[in-house]
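**Student:** Plus 2 on top of the position in the sequence shown (first one is 1) and you've got the numbering used here.
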Amino acid sequence: QVQLVESGGGLVQAGGSLRLSCAASGRTFNRYFMGWFRQAPGKEREFVSTISWTGLRNYADSVKGRFTISRDNAKNTVYLQMNSLKPEDTAVYYCAAGSTPSNPEYWGQGTQVTVSS
Numbered sequence: 003q004v005q006l007v008e009s010g011g012g013l014v015q016a017g018g019s020l021r022l023s024c025a026a027s028g029r030t031f032n033r034y035f036m037g038w039f040r041q042a043p044g045k046e047r048e049f050v051s052t053i054s055w056t057g058l059r060n061y062a063d064s065v066k067g068r069f070t071i072s073r074d075n076a077k078n079t080v081y082l083q084m085n086s087l088k089p090e091d092t093a094v095y096y097c098a099a100g101s102t103p104s105n106p107e108y109w110g111q112g113t114q115v116t117v118s119s
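1) Using CA atoms only, rank isn't needed, just tell me which of P43, T92, S54, G10 is closest to Q83.
2) Relative to the C-alpha of R68, which residue among L58, T56, V50, S54 is closest?
3) Could you tell me if A76 is buried or exposed, where buried requires 16 or more neighbouring beta carbons within 10 angstroms of its beta carbon?
4) Please return the same chain residues whose Cβ sits closer than 8 Å to the Cβ of A179, not counting the five positions on each side in sequence.
5) Quick check: G37 and I53, are their CB atoms within less than 8 Å of each other?
6) Given this structure, state the Cα-to-Cα distance separating N60 from S23, to the nearest angstrom.
7) Quick check on DSSP: helix, strand or coil for N105?
8) Is the distance from the Cβ of L6 to the Cβ of G110 below 8 Å?
9) Please list, in chain order, all residues of the same chain as R73 whose beta carbon is under 6 Å from its beta carbon, the five residues on each side excluded.
10) Give me the residue from P106, V115, C97, A93 with the minimum Cα distance to E46.
11) Along the chain, where does the beta strand (DSSP E) that runs through T52 open and close?
12) For Y34, which residues of its own chain have a beta-carbon under 8 Å away from its beta-carbon, when the five flanking residues on both sides are left out?
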């Protein structure tokens, strides 16, 4: 059974930093994209960032220059370093993995990130 387990969410003041982690288990994720999406209250889930097996990264325009995605293939783990956080970054952040970045097959349960002004 595939599981994606996120950790690292929490409450932080604007301008602060958080690091999210997502540990995947249940299968090998060789050649799979891994990444992060988020959903704010009353809004649809949106793309944040993805990283390929070889390290190719993509970011939403809203987080470019502030967020950095990385992965440890040996550990089946993906990270999201979030700096210069803004109140509009407040959302539930979901880890995802799949053969294509636009339509992940696997999802985590989500972790709450709250940025206070």
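Heads up, the beta-carbon is just placed ideally off N, CA and C, and yes, glycines get one too.
**Tutor:** Taking the geometry as given:
1) G10
2) R68 has its Cα closest to that of V50, out of L58, T56, V50, S54.
3) Here A76 is exposed, its C-beta having fewer than 16 other C-beta atoms within 10 Å.
4) No information on residue 179 is available, as it lies outside the stretch 3 to 119 that the chain covers here.
5) yes
6) 17 Å
7) The answer is coil: DSSP assigns N105 none of H, G, I, E or B.
8) yes
9) M36, I53, V80
10) For the residues P106, V115, C97, A93, the minimum Cα distance to E46 belongs to A93.
11) 48 to 53
12) W55, A99, G100, S101
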